[in-house]
Amino acid sequence: MEQNTQLELAAQFVHFTNKNIFLTGKAGTGKTTFLHNLKKTLSKRMAIVAPTGVAAINAGGVTIHSFFQLPFGPYIPESNTNEQRYSRFNTEKINLIKGLDLLVIDEISMVRADTLDGIDEVLRRYKDRNKPFGGTQLLMIGDLHQLSPVVQDQEWSMLKPYYDTFYFFSSNALKQTAPVRIELKHIYRQSDTFFIDILNRIRENKLDKTTLEALNQRFIPNFKPADDEGYITLTSHNHSAQEINSKKLADLGAKSKFFEARVVENFVKETFPTEQSLELKVGAQVMFVKNDSSRDKLYYNGKIGTITRFDEDTIYVKCKGDYSEIDVHPAEWQNIKYALNPQTKEIEEQVIGSFTQYPLKLAWAITIHKSQGLTFEKAIIDANNSFAHGQVYVALSRCKSFEGMVLRTPISLNSVKTDGTVAAYVKEASANEPDTSQLTDSKIVFQRSLLQELFDFSEVKNTAFRLNRVLEENESIINKSANTTMKLIKAAADHDVFNVADKFKNQLNQFFTEPGLPEENEVLINRVQKGAVYFYDKIDQSIYQESRSIEIETDNTAVKKVAVQALENFQRAVFIKRAVMQATKEEFSTSNYLRAKSNAEIDFKVSIKTTTATKTATTVSKDIPNPELYKTIKNWRNNIATENDVFVYMILPQKAMEELVTKLPTTLPELESVKGIGKAKVKQFGKELVEMVIAYCEQNQIDKGTIELPLKKEKVDTKKVSFDLFHSGKNIEEIAEERGFGVSTIETHLAHYIGTGELEIFDIFPKEKINKIIDYFLENKQVTLNEAKAALPDDVTYAELRAALKHLEFLGA
803 MEQNTQLELA
813 AQFVHFTNKN
823 IFLTGKAGTG
833 KTTFLHNLKK
843 TLSKRMAIVA
853 PTGVAAINAG
863 GVTIHSFFQL
873 PFGPYIPESN
883 TNEQRYSRFN
893 TEKINLIKGL
903 DLLVIDEISM
913 VRADTLDGID
923 EVLRRYKDRN
933 KPFGGTQLLM
943 IGDLHQLSPV
953 VQDQEWSMLK
963 PYYDTFYFFS
973 SNALKQTAPV
983 RIELKHIYRQ
993 SDTFFIDILN
1003 RIRENKLDKT
1013 TLEALNQRFI
1023 PNFKPADDEG
1033 YITLTSHNHS
1043 AQEINSKKLA
1053 DLGAKSKFFE
1063 ARVVENFVKE
1073 TFPTEQSLEL
1083 KVGAQVMFVK
1093 NDSSRDKLYY
1103 NGKIGTITRF
1113 DEDTIYVKCK
1123 GDYSEIDVHP
1133 AEWQNIKYAL
1143 NPQTKEIEEQ
1153 VIGSFTQYPL
1163 KLAWAITIHK
1173 SQGLTFEKAI
1183 IDANNSFAHG
1193 QVYVALSRCK
1203 SFEGMVLRTP
1213 ISLNSVKTDG
1223 TVAAYVKEAS
1233 ANEPDTSQLT
1243 DSKIVFQRSL
1253 LQELFDFSEV
1263 KNTAFRLNRV
1273 LEENESIINK
1283 SANTTMKLIK
1293 AAADHDVFNV
1303 ADKFKNQLNQ
1313 FFTEPGLPEE
1323 NEVLINRVQK
1333 GAVYFYDKID
1343 QSIYQESRSI
1353 EIETDNTAVK
1363 KVAVQALENF
1373 QRAVFIKRAV
1383 MQATKEEFST
1393 SNYLRAKSNA
1403 EIDFKVSIKT
1413 TTATKTATTV
1423 SKDIPNPELY
1433 KTIKNWRNNI
1443 ATENDVFVYM
1453 ILPQKAMEEL
1463 VTKLPTTLPE
1473 LESVKGIGKA
1483 KVKQFGKELV
1493 EMVIAYCEQN
1503 QIDKGTIELP
1513 LKKEKVDTKK
1523 VSFDLFHSGK
1533 NIEEIAEERG
1543 FGVSTIETHL
1553 AHYIGTGELE
1563 IFDIFPKEKI
1573 NKIIDYFLEN
1583 KQVTLNEAKA
1593 ALPDDVTYAE
1603 LRAALKHLEF
1613 LGA
């Protein structure tokens, strides 16, 4: 395909700027070919989407709705329901979106404004939330004079408060980006200047009486071409096309042959390029629905011919003007999805299904909608009843020549529908087409923005501030070391990074006053690389390494979740900034920077060292003294909590443990002075805690003075105390309150005496519930407590399960 100015300009904008581009042009100007060439040459990571399944298959991409998980109904900006779909995004899809440099949207004329804003929301969520489309570049390909978006009256009534029109250019996000519009003007499909002029007048809503009369010269009443002439009828309704094809096939005297397609894995029926069960006869007029992939290029998508004969696995088709028959074999269409290769960081196409069938379909008639993108030597246009804007233009522009077109009925002015809104937009955009000067300016702006972004630490600063605030607001319940480390990081970052970066950006701005591309300014790039060396070292030593050592430890689950997320966000920002500095030390270029940033987004792995209360392997913050004692006490606390089915902080709060291992209390009065323990806990656990402290001090030769020995008194049987109180007439709640225990702890104490036969189980627990538990254990002999808890109703407690087992133990069952 020969090169032209508009194609070169479009390629430059795509390759070397971040401007959003609307690539348009009359039918037959090579928009689809441009896209296919782009896939072969572009170094940016891109994905191709289209509004319909057929368009997606033709473009070699996927549908918009499947890629972005968009709802099929209207997208209402700022609606809370939009959040619900994000749970369907898996890690693979999120990483794919994060690594996306360019999003190509084919057949943009059929995309609604709200759909584009739905895409914007997804991209902002997983990329840069402060930039339209998350900073992803858009290439929108299509012709607004062709098929328009489908929108029902009810849907438009919902969308109207948010949009001027339902066309893509009314997207709120797109309006923020000032996209460039490039129109391809060289027409490859038609060479007839008279016909081209008629088509242009229809596009531009300038179809006057004289032009209409000229167009209607091709109205031939009762036109019935010979079967071998190769005419195809383009009609506005699907049922009309089906009726014509079925009747024509039935009129042939030959016997039908059926060819079944082979469908492998995932290939949606609505996107089949031809019939799954293809009925053909000798003499049938057919159309090729795929380009010939062989070097001979004997056929193309839309070429018309007639079946002459069948062989075992070959269909022979003769096309008018060809010297010989074309032997047609099954062809394969692939349904693809995009996936990110974790090794190469490239976005790759993965085949998820295929459709194999002879690339033919009956072609006495086809709908105008399905003809979009095709080219016909001869066509009969039945479009006077067209119901959508652009249908007449699509139908007429499928024809290669004026003489190859026949009108079934005269074209009226009413049927040539060109939307005034589209005409106004096209007129305004045509008056502001970009040139090479704007291209250069866009390159300069893009390169400057990347350099400013490189030395902009606002994301690191903001995430550090949010993390610091969470730690300070919850200082009393989060381990001290997290707060201490974060304060040191912030102080170093303020002094060595943030303040220096502000000064460095001022230097950059001075360079930006110089003309020319930043990448070609040797003095500037040398300064940038030196700056990258400095900032990499400071980030790595003062921020990155230290941030990876922060541990979040707290008994409060809600606070832990918030703190861990804040830490993860901070670590991610630091990780990415460190990665782009490392890449820039060696070289700065647009492609190198974008690649480094995208790779860092993908490579980031959360390495927050959290300690959950139920883990048996206990980690200890580096600022906690006597870490071995801390581990011992924490494991003891966790075991007690698990045994009694209570939260760990109910046994011993986090801050109490930290103070305990600092003060090392070896007497009950000393223990009681520890904040968060008090008399009740001393009564419950005092002796055990002090014994652990004494043992630790003796083992590590820590002198704590005289050790009081009321601890050596005879050990009190805590279960017996609960048993005696129960026999005195007190109920479980009263015993728990008096002893400072939880209700489940008292129930566990009493269960012991159910096992000895000293207590009757039904005096403590409801008979009906206990009988159901007993029946379950009798039927499931080897079941664990956890399995029983999961199998039985939610209101069954662990205490009731233990009591039932004790009862069965006493009975010998």
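All you need for the numbering used here is the position in the sequence shown, starting with 1, plus 802.
Every residue gets a Cβ at the ideal spot worked out from N, C-alpha and C, and that includes glycine.
Here the structure is a predicted model, which is why all the values come from computation and not from measurement.
Taking buried to mean at least 16 other C-beta atoms within 10 Å of its own C-beta, is residue i buried or exposed?
i: Gln-1486; result: buried
i: Phe-1390; result: buried
i: Ile-1168; result: buried
i: Ser-1278; result: exposed
i: Leu-1241; result: buried
i: Ser-950; result: buried
i: His-1529; result: exposed
i: Ile-1022; result: exposed
i: Phe-765; result: Shown here, the chain extends from 803 to 1615; a query on residue 765 therefore has no answer.
i: His-1131; result: exposed
i: His-1041; result: exposed
i: Ser-1214; result: exposed
Quick one: grab the DSSP three-state call for residue i.
i: Leu-1319; result: coil
i: Lys-1202; result: coil
i: Thr-1520; result: helix
i: Gly-1480; result: helix
i: Phe-1579; result: helix
i: Gly-1557; result: helix
i: Gly-1531; result: coil
i: Val-1495; result: helix
i: Val-851; result: strand
i: Thr-1599; result: coil
i: Thr-1238; result: helix
i: Lys-1514; result: The predicted position of Lys-1514 is uncertain, since its pLDDT is 43 and thus under 50; no value can be drawn from it.
i: Leu-1466; result: coil
i: Phe-1406; result: coil
i: Ala-1181; result: strand
i: Lys-1059; result: strand
i: Gly-832; result: coil
i: Ile-1004; result: helix
i: Thr-819; result: coil
i: Gly-862; result: coil
For residue i and residue j, I'd like the C-alpha separation in whole angstroms.
i: Tyr-1118; j: Tyr-969; result: 44 angstroms
i: Gly-901; j: Glu-923; result: 16 angstroms
i: Asn-1018; j: Lys-1399; result: 58 angstroms
i: Val-1262; j: Ile-921; result: 27 angstroms
i: Val-1408; j: Lys-1379; result: Annotation note: pLDDT 41 at Val-1408 (below 50); position unreliable, no value reported.
i: Thr-826; j: Ile-866; result: 19 angstroms
i: Glu-1570; j: His-1551; result: 22 angstroms
i: Ala-1063; j: Lys-1099; result: 23 angstroms
i: Ala-1381; j: Leu-1256; result: 10 angstroms
i: Pro-963; j: Leu-1603; result: 59 angstroms
i: His-838; j: Ser-845; result: 14 angstroms
i: Glu-1611; j: Ala-1553; result: 11 angstroms
i: Ala-975; j: Leu-918; result: 8 angstroms
i: Pro-1236; j: Phe-1267; result: 43 angstroms
i: Glu-1640; j: Tyr-1451; result: For the chain, the structure presents residues 803 to 1615; residue 1640 sits outside this window and is missing.
i: Ala-1415; j: Lys-1477; result: Residue placement at Ala-1415 is flagged as unreliable, the pLDDT there being 35, under the threshold of 50; the coordinate-derived value follows with that caveat. Going by the C-alpha atoms only, they are around 20 angstroms apart.
i: Val-1224; j: His-947; result: 8 angstroms
i: Phe-1699; j: Ala-1458; result: Outside the shown range of the chain (803 to 1615) lies residue 1699, about which nothing can therefore be said.
i: Ile-1128; j: Lys-1122; result: 11 angstroms
Taking 7 angstroms as the line, does the beta carbon of residue i fall inside it for any heavy atom of the ligand COA?
i: Glu-1348; result: Among the components of this structure there are no ligands whatsoever, and the ligand COA is therefore not found.
Which residue spans inside the segment 1092-1174 form an unbroken beta strand (DSSP E) run of at least 3?
1106-1112, 1117-1120, 1128-1130, 1133-1142, 1149-1159, 1162-1164, 1167-1169
Run through the segment 916-988 for me and flag every whole alpha helix (DSSP H) of 4 or more residues, listed as ranges in chain order.
955-961, 974-977
Can you give, in chain order, each stretch of the alpha helix (DSSP H) that sits fully within the segment 891-918 and has at least 4 residues?
893-900
Three CB pairs or more closer than 8 angstroms across the segment 1156-1166 and the segment 1070-1078
Because the criterion of three Cβ pairs below 8 angstroms is met, the segment 1156-1166 and the segment 1070-1078 touch.
Given 8 angstroms, three or more beta-carbon pairs between the segment 844-855 and the segment 901-913:
yes
Can you check the segment 1281-1358 for any alpha helix (DSSP H) of at least 4 residues that lies completely inside it and give the ranges in chain order?
1282-1295, 1301-1313, 1324-1340, 1347-1350
Beta strand (DSSP E) segments (min. 3 residues) lying fully within the segment 1062-1092
1064-1067, 1079-1082, 1087-1090
Given 8 angstroms as the limit, is there contact between the segment 1196-1212 and the segment 1176-1183, that is, 3 or more CB pairs closer than that?
Contact holds: three or more Cβ-Cβ distances are below 8 angstroms.
Are the segment 859-868 and the segment 1350-1367 in contact at 8 angstroms, needing three or more beta carbon pairs?
At 8 angstroms Cβ cutoff, the stretches do not touch.
For the segment 1338-1347 and the segment 1290-1298, state whether three or more C-beta atom pairs, one from each stretch, are separated by less than 8 angstroms.
yes
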